[in-house]
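A.B. asks:
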Amino acid sequence: MIGDRSTAALVGRDGSIDWLCVPRFDSPACFAALLGDEDNGRWQLCPVGEYDVSRAYVDDSAALQTTFTTESGVVTLLDVMPTGDGRVDVIRRVTGVEGRVQMRHEWLVRFDYGTAEPWIRHVRDGAGGGRRSEGEGAIVAVAGPDQLVLRGPRLPRAQGRRHVDEFEVRAGQILTFAMTWLPSYRDIPAPHPALVDETIHDEIDWVARLDLSGVPRADVVRRSLLTLHLLTHAETGGIVAAPTTSLPEDPGGERNWDYRYCWLRDASLTVTSLIAVGAIEEARLWRDWLLRAVAGHPADIQILYAVDGRRRLTEVDVDELAGYAGSRPVRIGNGAVDQEQTDVFGEVMLALDAARESELGQTDDAWSLQCVLLDHLADNWQEPDNGLWEVRGEKQLFTHSRVMVWVAFDRAVNAVERHGLDGDVDRWRELRDKVREEVLTRGFDEDRNTFVQHYDTHEVDAALLMLPIVGFVAGDDPRMLGTIDAIESDLMRDGLLLRYRTSSGVDGLAGDEHPFLACGFWLVSAYAEAGRLDDARALFDRLCDLANDVGLLSEEYDARHGRMIGNFPQALSHLTLVQAAVRLRDAADHRG
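So the sequence shown is numbered by the numbering used here: it starts at 187 and just counts up by one.
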């Protein structure tokens with residue numbers, strides 16, 4: 187992934203940008219080969235013929251350097267999306283390192299998720315139009331509201347519906363290609379390649395300011411934090427769950443969802459991770475986004491919103507796209523927007539409580555919002571919901587949801603008792619105790635000595651690992667130790683953890699899924715809380731080692747085939763990695 191904190195692109199090992207939405211994470215894609223084929227749009231720069239590949243980010247930045255080695259020479263490809271210019275730019279810099287390498291350049295734009303072929307024209311710099319001369323000018327692709335402008339030392343020529351070129355790069359030679367998105371009614375701008383070095387410096391400087399002293403696998407933690415930073419929209423503060431849609435949880439199946447939106451849960455957990463390492467400004471941005479997004483009557487609160495806080499995210503299928511590995515439908519929008527997920531109240535209160543305890547402090551608006559949400563929750567907490575896994579089956583009384591209700595009231599009581607804020611603390615304290623008693627009575631299976639997924643089942647759920655993390659029970663409580671045993675017994679597959687058993691039918695969907703990486707990191711934290719530090723470190727290392735060659739994690743992992751599964755990169759995987767690393771550090775310090 188490369189990104190500019192307004193959107194992100196995915197770059198393959200073959201030098202092809204196969205996914206890019208412009209101008210925002212949740213905008214339509216202009217390169218959509220990831221969910222179809224090259225005819226759905228891509229931008230590729232790679233050697234002609236056979237080559238070996240290695241990749242790495244430039245230090246702690248989002249600048250991706252791909253090294254191609256051929257029989258005749260070596261070239262590098264540097265991909266950067268500059269920040270700070272208020273527009274979407276992609277800069278691709280080809281540098282000859284050794285010998286001579288014949289390169290292939292293909293630029294195939296297809297707007298509206300790979301379905302709209304644009305009108306293409308060539309312009310000369312300063313001429314306002316006319317025919318292109320070699321080594322100057324630009325190619326302009328226009329369709330509806332969108333316009334992409336490609337500049338470079340030599341530009342690909344039309345070959346049917348494609349624009350393709352081949353050129354030789356010699357050692358010491360540097361060729362820079364720049365693409366800019368802008369509305370189709372705007373004049374063509376000048377390129378900004380000079381911002382590349384400034385962007386790299388700014389990202390490295392941001393990571394250097396974080397407090398990562400003593401955390402295990404600090405290199406992986408730094409990459410995870412930068413990934414979360416890149417998934418945070420710099421202007422609105424919205425944090426997206428992933429930059430992709432419809433990368434399948436079950437290849438060839440129907441479990442394909444659009445994650446390019448801001449979930450209150452994922453964003454709240456991201457904020458707590460960022461605060462834990464001192465990233466205060468990102469937390470401030472999200473808090474301001476939250477206040478705007480959920481403004482209005484509390485009954486209208488949604489579990490997810492668009493990057494700008496927009497509410498209507500109707501789910502539709504894009505029939506023209508074949509889907510990744512034939513996985514259909516390809517979905518745009520997310521039907522979960524209409525679900526009831528009571529746990530989000532607890533996650534929001536957790537994040538705002540962490541903000542209050544940090545140097546970010548408290549604002550009157552934030553506390554007013556919390557009081558309104560708590561009043562609504564107090565009147566409606568007993569209703570069944572769809573749970574944090576967004577099941578599309580029958581609503582249930584999910585134990586995790588009930589625990590997060592307890593969290594919401596517990597953090598509210600803490601705000602009054604510890605910080606002296608005004609609120610209906612007697613009612614909140616009574617409800618907190620009532621919810622806790624209900625969970626311990628109805629959400630616990632005495633025979634198996636384990637908490638259960640919901641009140642009407644004996645099944646377990648990996649989300650139960652959150653109970654000690656949020657303070658509902660101690661990590662070494664016999665009930666929690668029994669829950670860990672049951673989860674290991676029922677949900678462990680190939681040494682990794684499933685969310686729940688899909689065979690129970692609770693989610694109302696066909697097919698199966700693979701181990702969910704966030705659940706594995708929750709187990710690391712649960713091990714640490716239970717005093718099983720050796721097990722925690724071993725599992726943490728194994729999970730970190732599943733990251734791809736540049737340190738990124740998807741939603742799930744197929745251990746049997748050694749491949750990423752689900753939307754990528756996934757904020758929840760990276761934020762739980764950070765949480766687990768911090769908890770391991772704290773547990774080691776406590777034991778020491």
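Don't be surprised by glycine CBs; every beta carbon is placed ideally from N, CA and C.
Indicate whether ALA649 and HIS586 have their beta-carbon atoms separated by less than 7 Å.
C.D. replies: Yes, the Cβ-Cβ distance between ALA649 and HIS586 is below 7 Å.
A.B. asks: Please name the residue, chosen from LEU739, ARG199 and GLY694, that lies closest to GLY573 on a Cα-to-Cα basis.
C.D. replies: Looking at the Cα atoms, GLY694 is the closest of the given residues.
A.B. asks: Going by CA-CA distance only, name the one from ALA453, GLU384 and ASN442 that's closest to THR418.
C.D. replies: Of ALA453, GLU384 and ASN442, the residue nearest in Cα terms is ALA453.
A.B. asks: Measuring alpha carbon to alpha carbon, tell me which of ILE518, VAL295, ALA492 and MET750 ends up nearest ASN442.
C.D. replies: Considering only alpha carbons, the answer is ILE518.
A.B. asks: Between PRO214 and ALA492, what straight-line distance do the alpha-carbon atoms span, to the nearest angstrom?
C.D. replies: Using only the alpha carbons, I get a separation of about 13 Å.
A.B. asks: Expressed to the nearest angstrom, what Euclidean distance is found between the alpha-carbon atoms of LEU758 and THR627?
C.D. replies: Going from the Cα of LEU758 to the Cα of THR627 covers about 30 Å.
A.B. asks: Hey, out of GLY697, ASP663 and PRO701, whose CA is closest to ASP680's CA?
C.D. replies: For ASP680, the nearest C-alpha among the options comes from PRO701.
A.B. asks: Which residues in the same chain as GLU506 place their Cβ atom closer than 6 Å to its Cβ, once the five residues preceding and following it in sequence are excluded?
C.D. replies: Excluding sequence neighbours, GLU506 sits near THR301.
A.B. asks: In terms of residue numbering, what span does the beta strand (DSSP E) encompassing ASP246 cover?
C.D. replies: Run containing ASP246: none; DSSP gives neither H nor E here.
A.B. asks: With the cut-off set at 7 Å, would you say PRO429 and ALA194 are in Cβ contact?
C.D. replies: In this structure, ALA194 lies closer than 7 Å to PRO429 by Cβ.
A.B. asks: Label GLN568 either buried or exposed according to how many other C-beta atoms from any shown protein chain fall within 10 Å of its C-beta, with 16 as the threshold for buried.
C.D. replies: So GLN568 ends up on the exposed side.
A.B. asks: Below 8 Å on the Cβ atoms is my contact criterion, and I expect LEU414 with LEU761 to pass it. Report the Cβ-Cβ distance as a whole number of Å.
C.D. replies: Yes, they are in contact, since the Cβ atoms of LEU414 and LEU761 sit about 6 Å apart, within 8 Å.
A.B. asks: Kindly list the residues whose CB is nearer than 7 Å to the CB of ARG131, restricted to its own chain and excluding five residues on each side of it in sequence; keep chain order.
C.D. replies: The chain is shown only over 187 to 778; residue 131 falls outside these bounds and no answer can be derived.
A.B. asks: Assuming ASP539 is part of the beta strand (DSSP E), what are its boundary residues?
C.D. replies: From DSSP, ASP539 is part of no beta strand (DSSP E) but of the alpha helix (DSSP H) over 529 to 543.
A.B. asks: Does the Cβ of TYR371 have 16 or more other Cβ atoms within 10 Å, making it buried, or fewer, making it exposed?
C.D. replies: Its Cβ having fewer than 16 others within 10 Å, TYR371 is exposed.
A.B. asks: For the beta strand (DSSP E) that THR585 lies in, which residues bound it at each end?
C.D. replies: Careful: THR585 lies outside any beta strand (DSSP E), inside the alpha helix (DSSP H) at 585 to 605.
A.B. asks: Just how far apart, CA to CA, sit ALA313 and TRP229?
C.D. replies: The pLDDT assigned to ALA313 is 43, lower than 50, so where the model puts this residue is not dependable; a value taken from the coordinates is nonetheless given after this. In a straight line, the C-alpha of ALA313 is about 26 Å away from that of TRP229.
A.B. asks: Quick check on the burial criterion: 16 or more other C-beta atoms within 10 angstroms. Buried or exposed for VAL502?
C.D. replies: Result: exposed.
A.B. asks: Can you tell me which of the three DSSP states GLU284 falls into?
C.D. replies: Here GLU284 sits in strand by DSSP.
A.B. asks: Below 8 Å, can you find three or more Cβ-Cβ pairs linking the segment 713 to 724 to the segment 387 to 394?
C.D. replies: The segment 713 to 724 is not in contact with the segment 387 to 394.
A.B. asks: Is it right to say TRP305 is buried, meaning 16 or more other beta carbons lie within 10 angstroms of its own, or is it exposed?
C.D. replies: Answer is exposed; the Cβ neighbour count stays below 16.
A.B. asks: According to DSSP, simplified to helix, strand and coil, what is TYR445?
C.D. replies: TYR445: coil per DSSP, three-state reduction.
A.B. asks: May I ask you to report which of helix, strand or coil DSSP gives LEU490?
C.D. replies: Reduced to three states, the DSSP call for LEU490 is strand.
A.B. asks: Report the rounded CA-to-CA distance for ALA773 versus ARG685, giving the unit in angstroms.
C.D. replies: Their Cα atoms are separated by approximately 25 Å.
A.B. asks: Can you list the beta strand (DSSP E) stretches of 3 or more residues lying completely in the segment 304 to 363, in chain order?
C.D. replies: Whole beta strand (DSSP E) segments, 3+ residues: 305 to 309, 324 to 329, 332 to 337, 343 to 345 and 348 to 356.
A.B. asks: In chain order, what residues of the same chain have a beta carbon less than 7 Å from the beta carbon of ARG618, not counting five sequence neighbours either side?
C.D. replies: These residues qualify, in order along the chain: TRP592, PHE595, ASP596 and VAL599.
A.B. asks: Buried or exposed for GLU742, please, with buried defined as at least 16 other CB atoms from any protein chain shown within 10 angstroms of its CB.
C.D. replies: By the 10 Å Cβ count, GLU742 comes out buried.
A.B. asks: Only counting the same chain, and skipping five residues up and downstream in sequence, which positions put a Cβ closer than 7 Å to that of ASP238?
C.D. replies: Within the same chain, ASP238 has close Cβ partners THR255.
A.B. asks: Give the single residue among LEU546, GLN765, ASP332 and ASP539 whose Cα lies nearest to the Cα of ARG604.
C.D. replies: Out of LEU546, GLN765, ASP332 and ASP539, ASP539 has the C-alpha closest to the C-alpha of ARG604.
A.B. asks: Could you tell me how far apart the beta carbons of VAL283 and ALA364 are, in whole angstroms, since I believe they sit closer than 8 Å?
C.D. replies: Between ALA364 and VAL283 the Cβ distance is about 21 Å, and since that is not below 8 Å, they are no contact.
A.B. asks: Would you say PHE658 faces chain B, with C-beta separation under 7 Å as the test?
C.D. replies: Any reference to chain B falls outside this structure, which holds one protein chain only.
A.B. asks: In chain order, what residues of the same chain lie with their CB nearer than 7 Å to the CB of LEU396, ignoring the 5 residues before and after it?
C.D. replies: Within the same chain, LEU396 has close Cβ partners LEU411, VAL463, GLY464 and ALA465.
A.B. asks: Pick from ALA485, LEU455, ASP298 and ASP486: whose alpha carbon is nearest that of ARG865?
C.D. replies: Limits of the chain in this structure are 187 at one end and 778 at the other, which puts residue 865 out of reach.
A.B. asks: Since ASP779 and ARG687 should fall inside the 8 Å C-beta cutoff, what is the C-beta to C-beta distance between them, to a whole number of angstroms?
C.D. replies: Nothing in the structure corresponds to residue 779, since the chain is present only between 187 and 778.
A.B. asks: Decide if HIS644 is buried, meaning its Cβ has at least 16 other Cβ atoms within 10 Å, or exposed.
C.D. replies: HIS644 is exposed by the Cβ-count criterion.
A.B. asks: Give the secondary structure of GLY423 by DSSP, where H, G and I count as helix, E and B as strand, and everything else as coil.
C.D. replies: Here GLY423 sits in coil by DSSP.
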